[in-house]
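Asker: Take this structure first; my questions come after.
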Amino acid sequence: MDLQSGAAVALPELLIDSASGTSHHLDSLHFPLHNTTDSVMLQSSDNKTGRWSNLLLAYKTLGVVFGGLVTSPLYVYPSMHLNSPTEEDYLGIYSIMFWTLTLIGVVKYACIALKADDQGEGGTFALYSLLCRNMNIGILSSKSSDVNSSQARCVLNEDNKQKSRLGKVFETSMVARRALLFIAMLGTCMLIGDGILTPSISVLSAMDGLRAPFPSISKSLVEALSAVVLFILFLLQKFGTSRVSFLFSPIMGAWTLSTPLVGIYSIIHHYPNIFKALSPYYIFHFFWRNGKEGWLMLGGTILCITGSEALFADLGHFNRSSIQIAFLFTIYPSLILTYAGQTAYLIKNPNDHMDGFYKFIPKTIYWPIFIIATSAAVVASQSLISATFSVIKQSVVLDYFPRVKVVHTSSNKEGEVYSPEVNYILMVFCIAVILIFGDGQDIGNAFGVVVSLVMLITTILLTLVMIIIWRTPSLLVGLYFIIFFMMEGVYVSAVLTKIPEGGWIPFAISFILSFIMFGWYYGRQRKIQYELTHKIDLGRLGMLLSDPSVQRVPGLCFFYTKIQNGLTPILGHYTKNMRSLHKVTIFTTLRYLLVPKVSPHERIVVKKLGLRGVYACVIQYGYADSLNLEGDNFVSQVLDSLQEHIENCSSLPSDHMPVQEEISELSEAKTAGVIHVRGKARFHIGKSTSFFDRFMLAFYEVLHKNCRPALPALGVPLPQCLEVGMFYEA
Numbered sequence: 001m002d003l004q005s006g007a008a009v010a011l012p013e014l015l016i017d018s019a020s021g022t023s024h025h026l027d028s029l030h031f032p033l034h035n036t037t038d039s040v041m042l043q044s045s046d047n048k049t050g051r052w053s054n055l056l057l058a059y060k061t062l063g064v065v066f067g068g069l070v071t072s073p074l075y076v077y078p079s080m081h082l083n084s085p086t087e088e089d090y091l092g093i094y095s096i097m098f099w100t101l102t103l104i105g106v107v108k109y110a111c112i113a114l115k116a117d118d119q120g121e122g123g124t125f126a127l128y129s130l131l132c133r134n135m136n137i138g139i140l141s142s143k144s145s146d147v148n149s150s151q152a153r154c155v156l157n158e159d160n161k162q163k164s165r166l167g168k169v170f171e172t173s174m175v176a177r178r179a180l181l182f183i184a185m186l187g188t189c190m191l192i193g194d195g196i197l198t199p200s201i202s203v204l205s206a207m208d209g210l211r212a213p214f215p216s217i218s219k220s221l222v223e224a225l226s227a228v229v230l231f232i233l234f235l236l237q238k239f240g241t242s243r244v245s246f247l248f249s250p251i252m253g254a255w256t257l258s259t260p261l262v263g264i265y266s267i268i269h270h271y272p273n274i275f276k277a278l279s280p281y282y283i284f285h286f287f288w289r290n291g292k293e294g295w296l297m298l299g300g301t302i303l304c305i306t307g308s309e310a311l312f313a314d315l316g317h318f319n320r321s322s323i324q325i326a327f328l329f330t331i332y333p334s335l336i337l338t339y340a341g342q343t344a345y346l347i348k349n350p351n352d353h354m355d356g357f358y359k360f361i362p363k364t365i366y367w368p369i370f371i372i373a374t375s376a377a378v379v380a381s382q383s384l385i386s387a388t389f390s391v392i393k394q395s396v397v398l399d400y401f402p403r404v405k406v407v408h409t410s411s412n413k414e415g416e417v418y419s420p421e422v423n424y425i426l427m428v429f430c431i432a433v434i435l436i437f438g439d440g441q442d443i444g445n446a447f448g449v450v451v452s453l454v455m456l457i458t459t460i461l462l463t464l465v466m467i468i469i470w471r472t473p474s475l476l477v478g479l480y481f482i483i484f485f486m487m488e489g490v491y492v493s494a495v496l497t498k499i500p501e502g503g504w505i506p507f508a509i510s511f512i513l514s515f516i517m518f519g520w521y522y523g524r525q526r527k528i529q530y531e532l533t534h535k536i537d538l539g540r541l542g543m544l545l546s547d548p549s550v551q552r553v554p555g556l557c558f559f560y561t562k563i564q565n566g567l568t569p570i571l572g573h574y575t576k577n578m579r580s581l582h583k584v585t586i587f588t589t590l591r592y593l594l595v596p597k598v599s600p601h602e603r604i605v606v607k608k609l610g611l612r613g614v615y616a617c618v619i620q621y622g623y624a625d626s627l628n629l630e631g632d633n634f635v636s637q638v639l640d641s642l643q644e645h646i647e648n649c650s651s652l653p654s655d656h657m658p659v660q661e662e663i664s665e666l667s668e669a670k671t672a673g674v675i676h677v678r679g680k681a682r683f684h685i686g687k688s689t690s691f692f693d694r695f696m697l698a699f700y701e702v703l704h705k706n707c708r709p710a711l712p713a714l715g716v717p718l719p720q721c722l723e724v725g726m727f728y729e730a
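Counting with the working numbering, you get residues 1 to 730 for the letters of the sequence shown.
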């Protein structure tokens, strides 16, 4: 989040505009809805954008949003366990894929999920954020706003009267809130698992095309070449995707256009009646004939919809109309025709399913399609790798994930980030998956677990949104939930049988990541609860400053804290040991708002605390914002905001200190030197502490000890940072 455009806002003005005397309607975080995020402006401008602008955006989505989905024909049929398949089997499989793409892709994601955006942002975390804001449940107690006026309380009371019963259950039940949080975390971690498996299976399946014209090439060589391609791809991540992004859409456009043309040729040449399989009759006939074996084959069929979560997750990069246009008029028809062509070929060549894509490519265009396929696989890999960086960045900003280094690789695109640690961990995992498994079926089994569970989690969260926020009629909610929960539940049940055959990998990775995130969150929450309980009020601070043994020394001091309606207990430890306090002391809070982005003029919030040289400052940010607190730039912006606030408040009768004198003190303090103070805490675990608390707090301390020492922003250390040690009672 660039703070350069930030302007000072008095704390009470978050609720009432004192200048105009008019009040603003507030959301559950007491934040002005009309000026909350830049994404709102983007979303509201959709109606004003012309038809050609939406078409241009739709073209750009091809290289970013749909890479994983549109390249799925490379590995769907090779991932299925088919034994002597017949014509009826292939017709049934194609019918399943058609209705899966239609119901999940078109109905669920394109028509329903895209409307469940959180101020223009999509994805699992956005759904969780949307639910939290509308149910008035904060992620962390310090991250929820304080109720500073009776008018705000009246607004909240009116909202409470209209809340659904289910929403009240989440507000009153700690178990329900933790379950919701864990589901959201699991969905996010599954997306990270997708970032491991998509590059592996996409590149391996594309490179496998070398074996058809050159049978002498061994499988091990294909795996080695795939590993080299991924190694180079991950090394290039530090340069940012923007430098090569201009290639993405043309490549995916060529792929999206060429594969359905090949499919049409295959349909005409091999099996013109393939579209009779659109009848659901063939689905029932398929399961009637194959029974359990047909159910198990769903573990491979589910891969036809892989990447569909990106429709929703990448919403913030574009807009709803552009994604819908691209999917409904290019991606969806392309997949339907491509799978129809593959199936038509396999009906006449039933034993070629292990290489179901390259075998149905005519020899005259084999090499051009191979080049396009390999390039498309790399693009698909890039989109999921970038999505993983974004998810990690959001998790770190939310203080859900241990602090890792996050680098912004573009000065124009805030969402374009790179994390060195995450990048190399992903590289190791991707190459290990290829070299250890190698077999496309085993990787497909692992991939199926990720795809099905992410879809099921999204269905659950969307159902909650329908009930709690949209107030959809019960009949429609029940119809939606029954259809999609049963459909995706059947897919999940099928892929879970593949856990011994490779499916355990993403499940284990996602579960471990979820546990790390929950452990980090739990420890941070306990620390904040302690700080709230032992916070220092202004009366006690006045007593400390009136103590003759405590001197006011020249300089500027920033105290960092997570609490907003009091002063950090670190202050007591600091003055007790240092016996001094700087002439200008600013208690700074990083305040996360459950919105994607905070508008520029609301980013720096300042307030005079009534004591000479003592101020409060809140730096507000959303989960899609970047935050840079390094160097003199940050200090200058805060002081400029304070100066503006002092000038605006100079007419108040309570201000006895001359304005110019107060502003002069700010400049002199900065010149004398700046120091940043934060707490370095450990938990004191007593005998009465429960086993769960002992285990979770010990786990948190291990994470905290090994992560980089920084504020919960983007893992960026503050300069000249003084850490004050203190113990927290567990």
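Backbone N, C-alpha and C define an ideal beta-carbon position, used for all residues, glycine too.
Per DSSP, what kind of secondary structure is Cys304 in: helix, strand or coil?
Answerer: Here Cys304 sits in helix by DSSP.
Asker: Could you check whether the segment 505-521 touches the segment 444-457, counting it as contact only if at least three pairs of C-beta atoms, one from each stretch, sit closer than 8 Å?
Answerer: Yes, since at least three Cβ pairs between the segment 505-521 and the segment 444-457 fall closer than 8 Å, the two stretches touch.
Asker: Let me know the alpha helix (DSSP H) ranges lying completely inside the segment 524-573, each 4 residues or longer, listed in chain order.
Answerer: The qualifying runs are 538-546.
Asker: Roughly how many angstroms separate the alpha carbons of Tyr345 and His269, rounded to a whole number?
Answerer: If I take the Cα positions, the gap works out to 8 Å.
Asker: Going by beta-carbon coordinates alone, are Ala110 and Phe318 separated by less than 9 Å?
Answerer: No, the pair does not count as a contact, with Cβ atoms beyond the cut-off.
Asker: If you run the structure through DSSP and keep just helix, strand and coil, what is Asn47?
Answerer: Its pLDDT being 48, under 50, Asn47 is placed unreliably by the model, and the measurement read from it follows with that caveat. If DSSP states are grouped into helix, strand and coil, Asn47 belongs with the helices.
Asker: Which partner residues of Lys608 appear in the DSSP bridge assignment?
Answerer: The partner list for Lys608 (beta bridge, DSSP) reads Tyr615.
Asker: Could you compute how far the alpha carbon of Leu69 sits from the alpha carbon of Arg51?
Answerer: Using only the alpha carbons, I get a separation of about 25 Å.
Asker: Considering only residues of the same chain and omitting the five flanking positions on each side of Phe170, which have a CB-CB separation below 7 Å?
Answerer: These residues qualify, in order along the chain: Met135, Ile137, Ala176, Arg177, Leu180.
Asker: Are the beta-carbon atoms of Thr100 and Thr301 separated by less than 9 Å?
Answerer: The answer is yes: Cβ separation under 9 Å.
Asker: Compute the Euclidean distance between the alpha carbons of Asn83 and His353, then round it to the nearest angstrom.
Answerer: C-alpha separation (whole angstroms): 10 Å.
Asker: So what's Arg591 in DSSP terms, helix, strand or just coil?
Answerer: Strand.
Asker: I need the DSSP call for Gln119, collapsed to helix, strand or coil.
Answerer: Gln119: coil per DSSP, three-state reduction.
Asker: Beta-carbon separation of Gly67 and Phe248 under 9 Å?
Answerer: Cβ distance < 9 Å, so Gly67 and Phe248 count as in contact.
Asker: Could you please give the first and the last residue of the uninterrupted alpha helix (DSSP H) stretch that includes Tyr128?
Answerer: Counting along the chain, the alpha helix (DSSP H) containing Tyr128 begins and ends at 124-135.
Asker: Checking contacts by CB at 9 Å: is Gly291 closer than that to chain B?
Answerer: No chain B is part of this structure, which consists of one protein chain only.
Asker: Expressed to the nearest angstrom, what Euclidean distance is found between the alpha-carbon atoms of Tyr521 and Phe515?
Answerer: Tyr521 and Phe515: Cα-Cα distance of roughly 10 Å.
Asker: Does the Cβ of Pro548 have 16 or more other Cβ atoms within 10 Å, making it buried, or fewer, making it exposed?
Answerer: With fewer than 16 Cβ atoms within 10 Å of its Cβ, Pro548 is classed as exposed.
Asker: Once you ignore the five residues that flank Phe447 on each side, which residues in its own chain have a CB closer than 7 Å to its CB?
Answerer: So the qualifying residues of the chain are Leu197, Ile201, Leu303, Thr306.
Asker: If you draw a straight line from the C-alpha of Asp355 to the C-alpha of Ile619, how long is it?
Answerer: For Asp355 and Ile619, the distance between alpha carbons rounds to 55 Å.
Asker: Tell me whether Gln342 is buried or exposed, calling it buried when 16 or more other Cβ atoms sit within 10 Å of its Cβ.
Answerer: Burial call: buried.
Asker: Would you mind stating whether Thr61 and Ser322 have Cβ atoms separated by less than 9 Å?
Answerer: Closer than 9 Å, so yes.
Asker: Can you tell which of Leu55, Asp537, Thr463 has the C-alpha that lies nearest to the C-alpha of Val477?
Answerer: Minimum Cα distance to Val477 is reached at Thr463.
Asker: Restricting to Cα atoms, I'd like to know which of Leu496, Ile392, Tyr400 is closest to Pro420.
Answerer: Considering only alpha carbons, the answer is Ile392.
Asker: Below 8 Å on the Cβ atoms is my contact criterion, and I expect Ala377 with Ser205 to pass it. Report the Cβ-Cβ distance as a whole number of Å.
Answerer: With a Cβ gap of about 7 Å, Ala377 and Ser205 count as contacting.
Asker: Please classify Lys583 as buried or exposed, where buried requires at least 16 other C-beta atoms within 10 Å of its C-beta.
Answerer: Buried is the call here.
Asker: Tell me whether His601 is buried or exposed, calling it buried when 16 or more other Cβ atoms sit within 10 Å of its Cβ.
Answerer: Exposed: under 16 other Cβ atoms inside 10 Å.
Asker: Assuming the contact rule is C-beta atoms closer than 8 Å, Val614 and Lys670 should be a hit. Round their C-beta distance to whole Å, please.
Answerer: Between Lys670 and Val614 the Cβ distance is about 16 Å, and since that is not below 8 Å, they are no contact.
Asker: Just to confirm my understanding: we take Ile372, look at its own chain, exclude 5 residues before and 5 after, and list those with CB closer than 8 Å. What are they?
Answerer: These residues qualify, in order along the chain: Ile251, Ala254, Trp255, Ser258.
Asker: With distances taken between CB atoms, is the gap from Gly444 to Tyr90 smaller than 9 Å?
Answerer: No.
Asker: Enumerate in chain order the residues of its own chain whose CB-to-CB distance from Ala58 is below 6 Å, with the five nearest sequence positions on each side excluded.
Answerer: Correct list, in chain order: Ser322, Ile325, Ala326.
Asker: Give the DSSP bridge partners of Gln620, in chain order.
Answerer: According to DSSP, which records beta bridges pairwise, Gln620 is partnered with Arg591.
Asker: Check Ile675 in the structure and name its three-state DSSP category.
Answerer: If DSSP states are grouped into helix, strand and coil, Ile675 belongs with the strands.
Asker: Pop quiz: Val406 and Val396 are said to be a contact at Cβ under 8 Å. What is the actual Cβ separation, rounded to whole angstroms?
Answerer: Contact flag correct, Cβ pair sits at about 6 Å.
Asker: So for Gly173, helix, strand or coil by DSSP?
Answerer: Looking at the sequence itself, residue 173 is Ser, so the reference to Gly does not match. Residue state, collapsed to three classes: coil.
Asker: Ordered along the chain, which non-local residues of its own chain (more than five positions away) have a Cβ less than 7 Å from that of Thr575?
Answerer: Here the set comprises Leu544, Val550, Leu581.
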